[in-house]
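**Student:**
Numbering (my numbering), first residue to last: 30 to 592.
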């Protein structure tokens with residue numbers, strides 16, 4: 030039973046599938062490119078935040094350096110050699126500095142007595158102020174000190190510089206960092222793309238913010254304080270988390286060198302990054318969809334161009350298989366695709382070959398019927414059973430030749446195979462020997478040669494060597510290249526002794542003579558005492574195929590060497 034085409038994908042389905050498979054690497058490369066682009070965008074986004082945070086940290090550090098430098102300069106003044114009695118020139122210089130720079134300056138003794146405050150009117154009497162934490166730290170470390178924000182007090186950040194004489198702290202100069210000045214600094218340094226900028230002190234409290242809101246003075250979120258601890262060890266951090274207002278943000282956290290423990294925080298909404306990153310993603314999706322639809326449309330169109338000639342070829346092949354070859358026109362060509370054009374030409378050749386083959390079969394069938402009719406007409410026998418046996422044997426010989434031709438596509442057959450098929454019984458018993466080179470007989474020569482061998486074997490089985498158990502027959506052949514002839518030699522031995530040649534010419538002899546004559550050959554018989562020796566010469570142009578070789582077997586059949 031022939032296979033059907035049910036539940037099998039069409040060529041269009043294969044084309045679309047192959048297109049989809051071919052697009053997988055493209056989309057893989059596109060996805061990898063988008064991943065790299067997103068990574069670069071994230072790095073650029075974080076770098077911009079980091080650069081802004083660095084700029085704010087530098088501005089804040091410069092702000093602190095200026096104020097500390099002013100206090101350091103005043104602390105070196107000779108007017109503070111006796112801070113309990115400040116030199117009027119020092120007092121005047123301090124007040125002028127406050128007026129010029131807006132820096133309120135105070136002078137305190139180690140016991141906490143305030144000797145001078147430039148934001149108070151001249152002539153204000155010294156008064157005692159209990160020492161605070163920053164006062165005690167500066168007194169102990171003898172180093173400039175910036176205190177953290179104390180919410181309970183006014184929101185002022187004291188910067189304290191000790192006055193050292195003879196390796197002893199004799200006084201403390203201090204100024205205040207107002208939140209307004211720090212906020213103005215942040216406002217100047219913060220670009221519009223940044224959501225907010227914070228200054229966080231060493232306790233993790235927000236001491237200044239731009240834009241200002243109610244979070245100033247509150248503790249920063251835990252994730253910012255964790256990043257702040259990292260910056261204290263010299264690391265630069267980009268952190269992600271949620272602000273006190275509940276907004277998801279990315280924040281760059283940078284340390285302030287002149288304010289140990291302090292940090293600058295510059296944040297931007299995570300939505301800004303996602304909005305910026307969504308553009309390449311949308312581009313990939315939309316571009317990929319357009320490319321995929323275009324590829325599928327091209328594949329569909331290409332598959333259609335391929336399927337049309339294939340369908341036409343299939344229909345034509347089905348008509349050829351059914352024998353409807355004319356007047357049905359073959360598929361119009363040439364086709365664009367090389368393989369399809371080759372298939373079209375092969376189908377036309379196959380159709381022509383089939384037509385010729387049908388003609389050949391018809392011709393041979395007519396010849397075969399004519400031969401059968403001749404066999405019936407000239408066969409003579411003493412009884413009807415004998416007549417039936419003689420006719421049947423000769424018809425079977427014709428049928429064997431016909432079957433052999435059909436097996437080889439009516440291209441002819443190998444001489445050894447023709448002889449082996451016709452003399453199979455005697456070969457199996459060992460009474461007959463074949464010997465000769467490969468000879469590829471033409472289709473027109475197979476039937477006459479087969480009948481020649483059949484009649485010789487039949488005669489030997491009745492009257493010659495094959496009628497005796499001890500009899501032997503040797504069939505040899507060779508190609509006489511110079512004479513362009515095939516020389517067949519039939520030699521019988523160890524059969525009944527012949528007293529004289531036969532006196533009458535029977536049907537078998539006439540059949541052999543007619544077959545040899547049909548091939549344009551000649552025959553010589555020698556009736557020896559030991560048996561018949563028959564030499565037959567056949568012209569090569571009449572009996573050989575165009576190529577002196579047997580036809581190649583189908584690909585799934587092994588080649589059998591001649592023996």
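Beta carbons are placed, not taken as given, at the ideal position from N, Cα and C, and that holds for glycine. Since we're looking at a predicted model, the values are computed, not measured.
(1) Which partner residues of residue 248 appear in the DSSP bridge assignment?
(2) Is the stretch 432-441 touching the stretch 482-494 in the sense that three or more CB pairs, one from each, lie closer than 8 Å?
(3) Beta-carbon separation of residue 206 and residue 189 under 8 Å?
(4) Rounded to a whole number of angstroms, what is the C-alpha to C-alpha distance between residue 210 and residue 284?
(5) Of all the options 477, 338 and 573, which has the alpha carbon lying nearest to the alpha carbon of residue 543?
(6) Taking just the CA atoms, how far does residue 315 sit from residue 59?
(7) Whose C-alpha, out of 142, 85 and 81, is nearest the C-alpha of residue 112?
(8) Report yes or no: do the stretch 82-89 and the stretch 317-337 share at least 3 C-beta pairs separated by less than 8 Å?
(9) Compare the C-alpha of residue 272 against each of 225, 287, 63 and 308 and name the closest.
(10) Taking all protein chains shown into account, decide if residue 573 is buried (16 or more other Cβ within 10 angstroms of its Cβ) or exposed.
(11) For residue 289, count neighbouring Cβ atoms within 10 angstroms of its own Cβ and tell me buried if that reaches 16, exposed if not.
(12) Between which residues of its own chain and residue 136 is the CB-CB distance below 7 Å, once the five residues before and five after are set aside?
(13) Among 104, 430, 481 and 67, which one has its Cα closest to the Cα of residue 472?
(14) How many angstroms separate the CA atom of residue 299 from the CA atom of residue 215?
(15) Looking only at C-alpha atoms, which of 561, 76 and 451 sits nearest to residue 528?
(16) Go ahead and label residue 308 buried or exposed: buried means 16 or more other beta carbons lie within 10 angstroms of its beta carbon, across all protein chains shown.
(17) Please give the ranges of any beta strand (DSSP E) in the stretch 272-329, keeping only runs that are unbroken, at least 3 residues long and fully inside the region.
(18) Bridge partners for residue 177 per DSSP, in chain order?
(19) Assign residue 523 to one of three DSSP states: helix, strand, or coil.
(20) Looking at the structure shown, is residue 541 part of a helix, part of a strand, or coil, going by DSSP?
(21) Tell me, to the nearest whole angstrom, how far the beta carbon of residue 204 is from that of residue 134; I am working on the premise that it is less than 8 Å.
(22) Nearest to residue 150 by alpha carbon, out of 123, 158 and 173?
(23) Applying the criterion that 16 or more other CB atoms from any shown protein chain within 10 Å of the CB defines a buried residue, is residue 539 buried or exposed?
(24) Determine, using beta carbons only, whether residue 257 and residue 236 come nearer to each other than 8 Å.
(25) Unbroken beta strand (DSSP E) runs of length 3 or more, entirely within the stretch 440-471: which are they?
(26) Is residue 94 helix, strand or coil by DSSP?
(27) Are the C-beta of residue 84 and some C-beta of chain B separated by less than 8 Å?
(28) Alpha carbons only, please: which of 306, 475 and 336 is nearest the one belonging to residue 62?
(29) Under a three-way DSSP split, which group does residue 122 fall into?
**Tutor:** Working from what's here:
(1) As a first step, residue 248 is located in the chain shown; it is residue number 219 there, counting from the start. Answer is 234.
(2) Output reads no: the stretch 432-441 does not touch the stretch 482-494.
(3) Numbered from 1 along the chain shown, position 177 holds the residue referred to as residue 206. Numbered from 1 along the chain shown, position 160 holds the residue referred to as residue 189. Taking C-beta atoms as the reference points, residue 206 and residue 189 fail to come closer than 8 Å.
(4) Your numbering for residue 210 matches position 181 in the chain shown. Your numbering for residue 284 matches position 255 in the chain shown. Between the alpha carbons of residue 210 and residue 284 lies a distance of about 19 Å.
(5) Reading the chain shown from its first residue, position 514 is the one you call residue 543. Considering only alpha carbons, the answer is 477.
(6) In the chain shown, counting from the first residue as 1, residue 59 sits at position 30. In the chain shown, counting from the first residue as 1, residue 315 sits at position 286. If you take the alpha carbons of residue 59 and residue 315, they lie about 12 Å apart.
(7) Translated into positions along the chain shown, residue 112 becomes position 83. Of all alpha-carbon atoms in 142, 85 and 81, the one lying nearest the alpha-carbon of residue 112 is that of 142.
(8) Not touching, per the Cβ criterion.
(9) Working through the chain shown from its first residue, we reach residue 272 at position 243. The shortest Cα separation from residue 272 among 225, 287, 63 and 308 belongs to 225.
(10) Position 544 of the chain shown, counting from 1, holds the residue named residue 573. With 16 or more Cβ atoms within 10 Å of its Cβ, residue 573 is classed as buried.
(11) On the chain shown, position 260 is the one that residue 289 refers to. By the neighbour-count rule (16 or more Cβ atoms within 10 Å), residue 289 is not buried but exposed.
(12) What you label residue 136 is simply residue 107 of the chain shown in a count that begins at 1. Residues 112, 115, 144, 145, 200 and 202 of the same chain have their beta carbon placed closer than 7 Å to that of residue 136, with the five preceding and five following residues left out of the count.
(13) On the chain shown, position 443 is the one that residue 472 refers to. From the listed residues 104, 430, 481 and 67, the smallest Cα separation to residue 472 is found for 430.
(14) The residue labelled residue 299 in the question sits at position 270 within the chain shown. The residue labelled residue 215 in the question sits at position 186 within the chain shown. Going from the Cα of residue 299 to the Cα of residue 215 covers about 21 Å.
(15) For the purposes of this step, residue 528 is identified with residue 499 of the chain shown, where counting begins at 1. Across the set 561, 76 and 451, the C-alpha of 561 shows the shortest separation from the C-alpha of residue 528.
(16) For the purposes of this step, residue 308 is taken as residue 279 along the chain shown, with counting starting at 1. By the C-beta density criterion, residue 308 is exposed, having fewer than 16 other C-beta atoms within 10 angstroms.
(17) Entirely contained in the stretch 272-329, the beta strand (DSSP E) runs reaching 3 residues are, in chain order, 277-284 and 292-298.
(18) Along the chain shown, one-based indexing puts residue 177 at 148. The partner list for residue 177 (beta bridge, DSSP) is empty, contrary to what the question assumes.
(19) Position 494 of the chain shown, counted from the first residue, corresponds to residue 523. Secondary structure at residue 523: coil, using DSSP grouped into helix, strand and coil.
(20) As a first step, residue 541 must be located in the chain shown, where it is residue number 512. It is helical.
(21) Mapped onto the chain shown, residue 204 falls at position 175. Mapped onto the chain shown, residue 134 falls at position 105. The beta-carbon distance between residue 204 and residue 134, rounded to whole angstroms, is 5 Å. This is short enough to meet the 8 Å contact definition.
(22) Looking up residue 150 in the chain shown gives position 121. Scanning 123, 158 and 173 for the CA closest to the CA of residue 150 turns up 123.
(23) Start at 1 with the first residue of the chain shown, and residue 539 comes out as number 510. Taking a 10 Å sphere around the C-beta of residue 539, we find fewer than 16 other C-beta atoms and assign the residue as exposed.
(24) In the chain shown, counting from the first residue as 1, residue 257 sits at position 228. In the chain shown, counting from the first residue as 1, residue 236 sits at position 207. Here residue 257 is not near residue 236, since their CB atoms are 8 Å or more apart.
(25) Runs of beta strand (DSSP E) with 3 or more residues, each lying fully within the stretch 440-471, are found at 461-464, listed in chain order.
(26) Stepping through the chain shown from its first residue, residue 94 is reached at position 65. If DSSP states are grouped into helix, strand and coil, residue 94 belongs with the helices.
(27) No chain B appears in this structure, which consists of one protein chain only.
(28) Here residue 62 corresponds to residue number 33 of the chain shown, with the count starting at 1. For the set 306, 475 and 336, the Cα lying nearest the Cα of residue 62 is the one of 306.
(29) Numbered from 1 along the chain shown, position 93 holds the residue referred to as residue 122. DSSP places residue 122 within a helical segment (H, G or I) once states are collapsed to three.
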